[in-house]
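The sequence shown begins at 6 in this note's numbering and counts up by one.
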Amino acid sequence: MPIDLFNMLTKDMQLDPQVFLNQIVIVTGAGRGIGFHTSRAFALLGAKVVLAELSAEGKTAEEAIRREGGTALFIQTDVSDLDSVTQLLEQTHQAYGAVDILVNNAIFIHQVNVKDMSTEIWDRTMAVNLRGTFLTSRACLPDLLRKNQGLILNMISTDAMPGLSAYIASKQAITGFSQSLALELEGTGVRVIPFGPGMVDTPGIRSVAGGLAPQLGLTESEFLNLSLHADYQGLMPPEHAAAAAVYLATCLAEEFHGQVINGYEVLERVGFLKASDVTLPEMNDREINSNETTRTLVTKLLQILEETEAEFQKLPVFVRPMAKGGFKNKAGRSLADWQRLASSLGSGAASIPANMGELLEKLATYYREAPTETARFTRDEATLKMVTETAQARLAIIQSLVLAIDR
Ligand SMILES: NC(=O)c1ccc[n+]([C@@H]2O[C@H](COP(=O)([O-])OP(=O)(O)OC[C@H]3O[C@@H](n4cnc5c(N)ncnc54)[C@H](O)[C@@H]3O)[C@@H](O)[C@H]2O)c1
Numbered sequence: 006m007p008i009d010l011f012n013m014l015t016k017d018m019q020l021d022p023q024v025f026l027n028q029i030v031i032v033t034g035a036g037r038g039i040g041f042h043t044s045r046a047f048a049l050l051g052a053k054v055v056l057a058e059l060s061a062e063g064k065t066a067e068e069a070i071r072r073e074g075g076t077a078l079f080i081q082t083d084v085s086d087l088d089s090v091t092q093l094l095e096q097t098h099q100a101y102g103a104v105d106i107l108v109n110n111a112i113f114i115h116q117v118n119v120k121d122m123s124t125e126i127w128d129r130t131m132a133v134n135l136r137g138t139f140l141t142s143r144a145c146l147p148d149l150l151r152k153n154q155g156l157i158l159n160m161i162s163t164d165a166m167p168g169l170s171a172y173i174a175s176k177q178a179i180t181g182f183s184q185s186l187a188l189e190l191e192g193t194g195v196r197v198i199p200f201g202p203g204m205v206d207t208p209g210i211r212s213v214a215g216g217l218a219p220q221l222g223l224t225e226s227e228f229l230n231l232s233l234h235a236d237y238q239g240l241m242p243p244e245h246a247a248a249a250a251v252y253l254a255t256c257l258a259e260e261f262h263g264q265v266i267n268g269y270e271v272l273e274r275v276g277f278l279k280a281s282d283v284t285l286p287e288m289n290d291r292e293i294n295s296n297e298t299t300r301t302l303v304t305k306l307l308q309i310l311e312e313t314e315a316e317f318q319k320l321p322v323f324v325r326p327m328a329k330g331g332f333k334n335k336a337g338r339s340l341a342d343w344q345r346l347a348s349s350l351g352s353g354a355a356s357i358p359a360n361m362g363e364l365l366e367k368l369a370t371y372y373r374e375a376p377t378e379t380a381r382f383t384r385d386e387a388t389l390k391m392v393t394e395t396a397q398a399r400l401a402i403i404q405s406l407v408l409a410i411d412r
């Protein structure tokens, strides 16, 4: 049965049908697959969408979106070519105005092992995927920076695959590019999100399935029926990946800047898929100690914050600002601000603010989500167990403090 994308967006995901009203969105590689459905999703929610596509399929895509009542314009573009990208921006400005959102989605993908790969295949992959992402991002940045807001959503792939070394290398490079750009744009209001849509049923993935499957010890049909999430029997429909991309662009964008997120996680966050991640066990009364005094608990809170600071210091230097940014988003204030508050409470220099319970709830959110966050970066069971237990112990202290303040 065909998927009703508008229904999914507005009913299942509760998005306002005009959430992107008059926003100008460029989607590269919009002629088919995830790019096409992502363009549809933006247009269904009110955006004016530019389909920056190399092939004539861009025209068919434009017509399909217009038939659904959306506003779309196909501008034939080769993202690897500087003149073509310059023209893309000129024509976008003439037709609609300054860009609000750029989705770097276009790819060149060709399955061949390194020993047989021609230099041309390597170069073309890097030119479309990596150089293209750089050229379009650079071209859109003046618009975004002038508005002090906006988003660059870069499609990535994370997992190594035989025969796709050039493609995967280009995609992992896009993650690094996105994270570095995110650091450059810190404080500007412009966000950059590297987004892995998931294993999605598209012409692109089907074009490599036949060659890839045997290298993974699978038949083509087994490969196409691989399930990376308990809620999917086989690949994710492209409409779902598109819905995840637009949900991320509107509801979660404030939370992400440089951090990698994937389509399954977004769809879990919105409740469309069942969460399958690490969860914290329920805490019992013994773990939440209501007998400890506020002063002791504040000292323990300070210790937790110091440990968290030390954990951040152990991260690679480039990852640290992102981890700290993630902390601030979830915990409501920066780690340094939390440390200042806890130490002035501990020394008696300040009295407990009236909204302390609320503040602590936010801090608890950070630690509650720590195991799930960690599960995005590692599958190592010992690490996940350790993070889960630490988070549990820290939450118990924070919740005891909430109780102590209430008394
Ligand atoms: N399909 C998946 O399972 C999957 C998994 C992880 C990441 N992704 C990412 O999602 C994005 C979309 O993937 P897909 O599977 O829908 O791809 P696809 O191959 O089906 O579509 C790619 C589109 O890009 C266009 N294109 C190619 N070269 C171009 C150029 N030089 N300029 C402009 N357009 C060009 C193609 O004509 C095509 O319409 C990609 O960035 C991919 O890396 C996909």
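Glycine is no exception: its CB is placed at the ideal position from the N, C-alpha and C atoms. Just so we're clear, the structure is a prediction, and the values are computed from it rather than from any experiment.
Check	Outcome
If we ignore side chains and look at the alpha-carbon of each, how far apart do V213 and N159 end up?	21 Å
Are the region 254-266 and the region 185-200 in contact at 8 Å, needing three or more beta carbon pairs?	yes
What is the C-beta distance between K53 and I29, in whole angstroms, given that I count them as a contact (C-beta under 8 Å)?	5 Å
Which of the three DSSP states, helix, strand or coil, is assigned to T179?	At residue 179 the sequence reads Ile, which differs from the Thr that was named. It is helical.
Mind checking who R211 pairs with in its DSSP beta bridge?	In the DSSP output, where bridge partners are listed per residue, R211 has none listed.
Restricting to runs no shorter than 4 residues, where is the alpha helix (DSSP H) found entirely within the region 129-185?	137-152
So, do the region 135-154 and the region 102-120 have three or more beta carbon pairs nearer to each other than 8 Å?	yes
Within the region 349-407, note down every full alpha helix (DSSP H) run reaching 4 residues or more, in order along the chain.	361-380
Please confirm if G362 has its CB atom under 7 Å from at least one CB of chain D.	Protein chain content of the structure displayed is limited to a single chain, and chain D is not contained in it.
Ligand 1 heavy atoms versus the CB of L94: any closer than 6 Å?	no
At which residue ranges does the region 32-76 contain complete alpha helix (DSSP H) runs of 4 or more residues, listed in the order of the chain?	38-49 and 62-72
Alpha carbon to alpha carbon, how far is L340 from Y237?	38 Å
Looking only at its chain, what residues have a beta carbon closer than 7 Å to the beta carbon of V271, apart from the 5 residues adjacent to it on each side?	A249, Y252, L253 and L257
In terms of DSSP beta bridges, what is F11 paired with?	DSSP output for F11 lists no bridge partner at all.
Helix, strand or coil: how does DSSP classify G263 here?	coil
Given the structure, does L160 come close to ligand 1, in the sense that its CB is under 6 Å from one of the ligand's heavy atoms?	Inspection of the sequence shows that residue 160 is occupied by Met rather than by Leu. Under cutoff, so the answer is yes.
Assuming contact is defined by CB atoms lying nearer than 7 Å, are P243 and G74 in contact in what I supplied?	no
Would you please state the rounded distance, in angstroms, between the beta carbons of M241 and S175? I believe it to be under 8 Å.	The Cβ separation is near 22 Å, so there is no contact.
According to the Cβ coordinates, are G51 and F79 closer than 7 Å?	no
Taking 6 Å as the cut-off, does the CB of F139 come closer than this to any heavy atom belonging to ligand 3?	The ligand content of the structure shown is limited to ligand 1, which means ligand 3 is not among them.
Taking 6 Å as the cut-off, does the CB of T82 come closer than this to any heavy atom belonging to ligand 1?	yes
Would A246 pass as a contact of P202 if the rule is Cβ separation under 7 Å?	yes
For N109, which three-state DSSP category applies?	strand
Quick one, are the C-beta atoms of A77 and E67 less than 7 Å apart?	yes
Between which residues of its own chain and V84 is the CB-CB distance below 7 Å, once the five residues before and five after are set aside?	T33, A57, V90, A111, V133, G137, L140 and T141
Identify, in the order they occur along the chain, each residue of the same chain with its Cβ nearer than 8 Å to the Cβ of P167, setting aside the five sequence neighbours on each side.	N118, L217, Q220 and L221
Take W343 and list the residues in its own chain whose beta-carbon comes closer than 8 Å to its own, dropping the five residues that flank it on each side.	L310, A336 and L368
In its own chain, which residues sit with a C-beta less than 6 Å from the C-beta of H115, not counting the 5 before and 5 after it?	I126
Return yes when at least one heavy atom of ligand 1 lies under 6 Å from the C-beta of R37, else no.	yes
Name the DSSP bridge partner or partners of P199?	N159
Once the 5 residues before and after R300 are set aside, which same chain residues still bring their CB inside 8 Å of it?	G351
Could you give the DSSP three-state label for Q220: helix, strand or coil?	helix
Using C-beta distances below 6 Å, list every residue in its chain close to Q96, excluding the 5 sequence neighbours before and after it, in chain order.	I80
Could you give the DSSP three-state label for L272: helix, strand or coil?	helix
Write down the C-beta distance between G362 and V407 rounded to the nearest angstrom, noting that I regard them as a contact closer than 8 Å.	5 Å
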